Amino acid sequence: APLRIDVITIFPEYLAPLRAALLGKAVDRGLVEIGVHDLRSWTHDVHRTVDDSPYGGGPGMVMKPDVWGEALDAVCPAPDPEDAGGRAPVLVVPTPAGRRFDQALARELAEEPRLVFACGRYEGIDQRVVDEAEGRMRVLEVSIGDYVLVGGEVATLVMVEAVARLIPGVLGNPVSASEDSFSDGLLEGPCYTRPEVWRGRAVPDVLRSGNHAAVDRWRRDRALERTLRRRPDLLDALPPEELSRADRAF
Ligand code: 6GU
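Those letters in the sequence shown? Residues 12 to 261, by UniProt numbering.
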C-alpha cells in the first residue's frame with residue numbers, strides 16, 4: 012500500500028513542491044499519496060481566524076486549539092477496529108523546540124503507513140492540541156536543525172523528501188539510498204565523472220585503475236578524512252566495531 016501523507020497548513024501553495032520532480036513522480040506512480048489541507052477550512056468566523064494572543068503576554072500570536080482540534084479530527088482517522096493491524100497515523104509537528112530530525116527518524120517514518128504533518132506559524136500551536144492528540148496517536152514534535160524558520164512548511168518539505176526517498180521504488184537506483192552519507196555513519200567522500208581532465212584537474216588515478224578493492228579503500232579513507240574534518244561528532248558517535256583496523260590506520 013502507498014504511504015499516505017497529509018499536511019495541514021495555512022499556506023497550501025507552499026507545499027506545491029511535493030508534486031514536483033522526484034516526489035511528484037512517486038505520487039504519479041502510486042508509491043506515495045499526498046493530501047494538502049487548508050487549516051482555515053476548519054474556521055467558522057468570517058475572518059477565518061486561526062490565531063490569538065498568548066496567555067501570559069509576550070510577542071506574537073498562538074494558533075487556536077479549537078481550529079486545530081477540528082482539523083486533526085477530520086484528517087487523522089481513528090484506526091479501523093475491523094483491521095487488527097490498522098494503525099493510527101503518526102502526527103508530526105514541526106517546531107524548533109522539537110527533537111532533532113535525523114536519518115534514523117526518517118527511516119522509522121518511512122515504515123509507517125500514514126503521516127500527518129501539522130504546520131504551525133506564528134509563535135506555535137496551543138500546547139493542548141499536541142497533549143490531546145497524544146491520547147489517540149503517536150505525536151512527534153520535530154526540529155530540522157538549530158535555526159528558526161517562520162513556519163513548519165519548509166521543515167515539512169525537508170522531512171517528506173527525506174522519508175519518501177527511502178520508500179522502495181521512489182529512487183531510480185535502490186543502492187544509492189543504502190550507500191549515501193549517514194547509512195554507514197560517515198559523510199560521503201568526493202565523486203567524479205567525465206572528462207578525465209577538466210580545467211587542468213585530473214580525476215584521481217585510483218578511480219580509473221579498475222582495482223575495486225583499492226577504490227573501496229580510497230573511498231573509505233576519503234569518507235573518514237572528510238568526517239574527521241567536518242563532523243568529528245559523527246566519528247565520536249560511531250560504535251567501535253564500525254571501524255576496522257585499516258580504518259584506524261588511516
Ligand atoms: Cl521544524 N519549524 C520551524 N518553524 N523552525 C524550525 C524548525 C521547524 N526546525 C528548525 N527550525
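Just so it is clear, CB atoms sit at the ideal spot from N, CA and C, and this is done for glycine as well.
Keep in mind the model is a prediction, meaning the values are calculated, not measured.
Excluding five sequence neighbours on each side, which residues of the same chain lie with their C-beta closer than 6 Å to the C-beta of residue 76?
Reading the sequence shown from its first residue, position 65 is the one you call residue 76. The beta carbon of residue 76 lies closer than 6 Å to those of 137, 139 and 140 in the same chain, with the five residues before and after it left out.
Beta carbon of residue 196, beta carbon of residue 257: below 9 Å?
Residue numbering aside, residue 196 sits at position 185 when the sequence shown is read from its first letter. Residue numbering aside, residue 257 sits at position 246 when the sequence shown is read from its first letter. Not a contact, by the Cβ cut-off of 9 Å.
Which residues share a DSSP beta bridge with residue 74?
The residue given as residue 74 occupies position 63 in the sequence shown. The bridge partners DSSP lists for residue 74 are 62 and 136.
Helix, strand or coil for residue 243 per DSSP?
As a first step, residue 243 is located in the sequence shown; it is residue number 232 there, counting from the start. In the structure shown, residue 243 sits in a helix (DSSP, three-state: H, G or I).
Check whether the Cβ atoms of residue 34 and residue 173 lie closer than 9 Å to each other.
The residue given as residue 34 occupies position 23 in the sequence shown. The residue given as residue 173 occupies position 162 in the sequence shown. No, they are not a contact pair.
So if DSSP puts residue 23 in a beta bridge, which residue, or which two residues, is it bridged to?
One-based indexing of the sequence shown puts residue 23 at position 12. Residue 23 pairs with nothing; no bridge assigned.
So, do the segment 149-157 and the segment 82-89 have three or more beta carbon pairs nearer to each other than 8 Å?
Contact between the segment 149-157 and the segment 82-89 is absent: fewer than 3 CB-CB pairs across the two stretches fall below 8 Å.
If distances are taken between C-alpha atoms only, which option among 17, 243, 246 and 118 comes closest to residue 128?
Translated into positions along the sequence shown, residue 128 becomes position 117. Here the closest residue by C-alpha is 17.
Opposing strand residues paired with residue 152 [DSSP bridges]
The sequence position of residue 152 within the sequence shown is 141, counting from 1. Per DSSP, 104.
Use the C-beta contact count for residue 94: other C-beta atoms within 10 angstroms, 16 or more gives buried, fewer gives exposed.
Taking the first residue of the sequence shown as 1, we reach residue 94 at position 83. Per the 10 Å Cβ criterion, exposed.
Look up residue 49 in the DSSP assignment and give the residues it is bridged to.
As a working mapping, residue 49 is identified with position 38 in the sequence shown. According to DSSP, which records beta bridges pairwise, residue 49 is partnered with 20.
Spatial distance of residue 100 from residue 214 (CA atoms)
For this step, residue 100 is matched to residue 89 along the sequence shown. For this step, residue 214 is matched to residue 203 along the sequence shown. Rounded to whole angstroms, residue 100 to residue 214 spans 48 Å at the Cα level.
Figure out for me which residue from 126, 156 and 133 has the closest Cα to the Cα of residue 21.
For this step, residue 21 is matched to residue 10 along the sequence shown. Nearest to residue 21 by C-alpha distance, out of 126, 156 and 133, is 133.
Does the distance from the CB of residue 154 to the CB of residue 124 come in under 9 Å?
The count along the sequence shown starts at 1 and reaches residue 154 at position 143. The count along the sequence shown starts at 1 and reaches residue 124 at position 113. Cβ atoms of residue 154 and residue 124: not closer than 9 Å.
Confirm the yes/no value for this check: CB of residue 106, any heavy atom of ligand 1, distance under 8 Å.
Locating residue 106 in the sequence shown gives position 95, counting from the first residue. Indeed, a heavy atom of ligand 1 lies less than 8 Å from the Cβ.
Using a 10 Å radius around the Cβ and a threshold of 16 neighbouring Cβ atoms, would you call residue 204 buried or exposed?
Numbered from 1 along the sequence shown, position 193 holds the residue referred to as residue 204. The residue in question, residue 204, is exposed, as its Cβ has fewer than 16 Cβ neighbours within 10 Å.
Quick check: is any heavy atom of ligand 2 less than 8 Å from the C-beta of residue 71?
With respect to ligand 2, the structure shown offers nothing to examine, as its ligands consist of ligand 1.
Tell me whether residue 31 is buried or exposed, calling it buried when 16 or more other Cβ atoms sit within 10 Å of its Cβ.
If you number the sequence shown from 1, residue 31 lands on position 20. Exposed is the call here.
When you measure from the CB of residue 173 to every non-hydrogen atom of ligand 1, does any distance come out below 8 Å?
Walking along the sequence shown from the start, residue 173 turns up at place 162. Not under cutoff, so the answer is no.
Separation of residue 165 from residue 81, as counted between CA atoms:
Mapped onto the sequence shown, residue 81 falls at position 70. Mapped onto the sequence shown, residue 165 falls at position 154. When only Cα atoms are considered, residue 81 and residue 165 end up about 23 Å apart.
Compute the Euclidean distance between the alpha carbons of residue 183 and residue 169, then round it to the nearest angstrom.
Here the question's residue 183 lines up with position 172 in the sequence shown. Here the question's residue 169 lines up with position 158 in the sequence shown. Between the C-alpha atoms of residue 183 and residue 169 there is a straight-line separation of about 19 Å.
Please list the terminal residues of the continuous alpha helix (DSSP H) segment that includes residue 275.
No answer is possible for residue 275: it lies beyond the span of the chain, which begins at 12 and ends at 261.
Given this structure, state the Cα-to-Cα distance separating residue 57 from residue 159, to the nearest angstrom.
Here residue 57 refers to the residue found at position 46 when the sequence shown is read from its first residue. Here residue 159 refers to the residue found at position 148 when the sequence shown is read from its first residue. Cα-Cα distance, rounded: 31 Å.
Using a Cβ-Cβ cutoff of less than 6 Å, which residues in the same chain neighbour residue 47 once the five nearest sequence positions on both sides are dropped?
On the sequence shown, position 36 is the one that residue 47 refers to. Taking C-beta separations shorter than 6 Å and ignoring five residues to either side along the sequence, the partners of residue 47 in its chain run 18, 23 and 26, following chain order.
Determine, using beta carbons only, whether residue 171 and residue 45 come nearer to each other than 9 Å.
The residue given as residue 171 occupies position 160 in the sequence shown. The residue given as residue 45 occupies position 34 in the sequence shown. In contact: residue 171 and residue 45 (Cβ atoms closer than 9 Å).
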